[in-house]
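According to the numbering used here, the sequence shown is numbered sequentially starting from 749. Just so it is clear, CB atoms sit at the ideal spot from N, CA and C, and this is done for glycine as well. Below: one structure, written as structure tokens.
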Amino acid sequence: MGDPMIEALLRRDRILVVGAMLTVTVLAWAYLIAGAGMGVHEMDGMLMPMHMGAWTPAYAGLLFAMWAVMMAAMMLPSAAPMILFYGSIARRRRDKGDPVTATGVFASGYIAVWAAFSLAAVALQFALEQAALLSPMMETTSIAVAGSVLIAAGIYQWTPFKQACLRQCRSPLDFVMTHWREGTRGALAMGIVHGSYCLGCCWMLMLLLFVGGVMNLLWIAGLAVFVMIEKLAPAGHWIGRAAGILLIAWGGATLGGLMR
């Protein structure tokens, strides 16, 4: 049996960390549902058509904020087991400093990686919009682009790189054993490394937002649930591969004009 004091501290840590993650996730989803500050004029079901503004620095900054919050809303739930596991190890090792703070730093490193991805997503969105390839829902209007992204995402699900990254995301113990670093800086570095693995696992899935609509809440939620299943379900890696086949078929049908 473990030290009762350590077990009590672990329970307290879990409550604090889970509470913080729930708060961030709920606020992120509330921000998205409210229209992400993008000048939404109406909400038809779960769709959020928006007015595309001129590409000023302020508008680009607002888009970046929207993408960053969306990535936090989508990716934090699937990262929760890793974040909680890190916190429990930090407490048991009696590392220097507050384990709860270290856990927050770890999570911040993870989110920072997705914030960097958000910058790239904004740049891609700019390119698509300048080419007149986006609808007000931020969904590509090009059958060629949509079909190509679907096929690319499906193929990526089967690549060794994707599978290697997914294994790191699915196994908190293996990740901690091979990447543990002490201290606050170590926590930040570990968060960035873990976030990078998850980015390697999921970045193509996130590009599917441009197929279903960046402002389509049902599409956003569906992708978030799929990411959770792929990373957390016992057969998640096989489910991901099966989804890859479906994406390839969907993309092929789209290019063939069978889906539109």
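Spatial neighbours of Cys946 within its chain, please: C-beta separation below 6 Å, excluding the five flanking residues on both sides.
Cys917.
- Please classify Thr888: does DSSP put it in a helix, a strand, or coil? Three-state result, Thr888: strand.
Given Gly948, which residues of its chain have a CB within under 6 Å of its CB, disregarding the five upstream and five downstream residues? In its chain, beyond the 5 residues on either side, Cys913 have a beta carbon closer than 6 Å to the beta carbon of Gly948.
Where Pro805 and Met886 are concerned, what is the direct C-alpha to C-alpha distance, given to the nearest angstrom?
When rounded, the distance between both Cα atoms is 19 Å.
Beta-carbon spacing of Leu955, Ala901 below 8 Å: Yes, Cβ-Cβ distance for Leu955 and Ala901 is below 8 Å.
- request: Please report how far the alpha carbon of Trp998 lies from the alpha carbon of Thr771, in whole angstroms.
  value: Between Trp998 and Thr771, the C-alpha separation is close to 36 Å.
Q. Using the C-alpha atoms, what's the distance from Ala991 back to Trp906?
A. Between Trp906 and Ala991, the C-alpha separation is close to 10 Å.
Can you tell me whether Pro825 is buried or exposed, with buried defined as 16 or more other CB within 10 angstroms of its CB? Per the 10 Å Cβ criterion, buried.
Within 10 Å of its beta-carbon, does Arg839 have 16 or more other beta-carbons around it, so buried, or fewer, so exposed? Around the CB of Arg839, 16 or more other CB atoms lie within 10 Å, so the residue is classed as buried.
Quiz item: Is Glu930 buried or exposed, if buried means 16 or more other CB atoms sit within 10 Å of its CB?
Solution: Taking every protein chain shown into account, the CB of Glu930 has fewer than 16 other CB atoms within 10 angstroms, so this residue is exposed.
Going by DSSP in three states, Leu882 sits in which element: helix, strand or coil?
Three-state result, Leu882: strand.
* Enumerate, from N- to C-terminal direction, the unbroken alpha helix (DSSP H) stretches of 4 or more residues contained entirely within the region 854-931. => Considered as a whole, the region 854-931 harbours 891-904, 908-918 and 920-927 as its complete alpha helix (DSSP H) runs of no fewer than 4 residues, in chain order.
*Are the beta-carbon atoms belonging to Trp777 and Ala816 less than 8 Å from one another?*
Their beta carbons are not under 8 Å apart, which means Trp777 does not touch Ala816 by this criterion.
| Closest Cα partner of Leu1003 within the set Val861, Gln911, Val897 and Ala869 | Considering only alpha carbons, the answer is Val897.
Worksheet item: Excluding sequence positions up to five away, which residues of its chain have a Cβ less than 6 Å from the Cβ of Ser883?
Response: Cβ-Cβ distances below 6 Å link Ser883 to Thr889 in the same chain, with the five nearest sequence neighbours on each side left out; the list follows chain order.
- Would you mind sorting Met818 into buried or exposed? The rule is 16 or more other CB atoms within 10 Å of its CB. The residue is buried, with at least 16 neighbouring Cβ atoms inside 10 Å.
Item checked: Inter-residue CB distance, Gly943 and Ala860 (contact presumed, cutoff 8 Å) -> The pair is a contact, with the Cβ atoms about 7 Å apart (cut-off 8 Å).
Only counting the same chain, and skipping five residues up and downstream in sequence, which positions put a Cβ closer than 7 Å to that of Gly855?
It is Ala, not Gly, that sits at residue 855 in the sequence shown. For Ala855, where only same-chain residues beyond five positions count, the Cβ hits under 7 Å are Ile831 and Gly939.
Reference Pro847, options Gly961, Gly1005 and Arg759, closest by Cα:
Sorting Gly961, Gly1005 and Arg759 by C-alpha distance to the C-alpha of Pro847 places Arg759 at the top.
Residue environment, Thr849, which counts as buried when at least 16 other CB atoms sit within 10 Å
Burial call: exposed.
- Taking only the alpha-carbon atoms, compute the straight-line gap between Trp862 and Ala1001 and give it to the nearest angstrom. Between Trp862 and Ala1001, the C-alpha separation is close to 31 Å.
Let's see if you can read the secondary structure: which residues bound the alpha helix (DSSP H) around Trp815? In the DSSP assignment, Trp815 falls within the unbroken alpha helix (DSSP H) covering Pro805 to Arg840.
The alpha helix (DSSP H) enclosing Ala972, as first and last residue numbers: Here the alpha helix (DSSP H) through Ala972 covers Leu965 to Leu980.
Going straight from the alpha carbon of Val986 to that of Arg915, what length do you get? Per the sequence shown, the amino acid found at residue 986 is Trp instead of Val. Roughly 12 Å separates the two Cα atoms.
### Query
If you draw a straight line from the alpha carbon of His927 to that of Ala880, how long is it in whole angstroms?
One Cα belongs to His927, the other to Ala880, and the distance between them is close to 44 Å.
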